[in-house]
């Protein structure tokens, strides 16, 4: 079954926190939506990040951020975690003593070859429910159903 399912009871920022400067980088060839998680645990769309692009962000260390593949709804990771909690600004001072933005590298979750194939097939479907009508082995239909359920869950979270 595809990974990337977040199991958090109530994800939200903490009121107090020091400011920090981030720069999100995308090193994969897809479009990722960047979300800030607000005080009501709602995903607030911040920006769309295109391949090889970057998004500068001024935020707080207590504010969670989430990155979701625009086309499949799959959760992307930062440092192998589905939710990114920013690091303090003072952790990224260069050798000249100047403040630099903290680099946030967004990447795919570690997946099995079976999961990679299931997501590839799922991403090619125009109608995401159409896998049910395809003449495929049951095990593949079950894998595509897991992709579809994750796609639906992530789309509910961001609405």
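Numbering (the working numbering), first residue to last: 476 to 634. Here a beta-carbon is modelled for each residue, glycine too, at the ideal position from N, C-alpha and C.
Closest residue to residue i among the options (Cα-Cα distance)
i	options	result
residue 545	562, 621, 554 and 522	522
residue 550	586, 528 and 578	586
residue 641	619, 572, 627 and 574	In the structure as shown, the chain starts at 476 and stops at 634, and residue 641 therefore has no counterpart that could be examined.
residue 625	560, 515, 614 and 603	603
residue 582	554, 608 and 607	554
residue 627	515, 543, 580 and 578	543
Span separating the alpha-carbon of residue i from that of residue j
i	j	result
residue 617	residue 537	38 Å
residue 596	residue 569	44 Å
residue 589	residue 534	37 Å
residue 610	residue 601	17 Å
residue 564	residue 621	39 Å
residue 630	residue 517	12 Å
residue 572	residue 509	30 Å
Limits of the alpha helix (DSSP H) - the one that residue i falls within
i	result
residue 583	No alpha helix (DSSP H) contains residue 583, which DSSP labels as neither H nor E.
residue 599	588 to 599
Other residues of its chain near residue i: CB distance less than 7 Å, five sequence neighbours each side excluded
i	result
residue 598	546 and 547
Residues of its chain near residue i, where Cβ-Cβ distance is below 8 Å and the 5 sequence neighbours each way are ignored
i	result
residue 576	496, 497, 498, 531 and 567
residue 526	501, 503, 504, 505 and 506
The beta strand (DSSP E) enclosing residue i, as first and last residue numbers
i	result
residue 542	540 to 544
> Going along the chain, which unbroken runs of the beta strand (DSSP E) with 3 or more residues stay wholly within the segment 504 to 537?
Replying inline: Scanning the segment 504 to 537 from its first residue to its last, the whole beta strand (DSSP E) runs of 3-plus residues come out as 507 to 512, 518 to 524 and 529 to 535.
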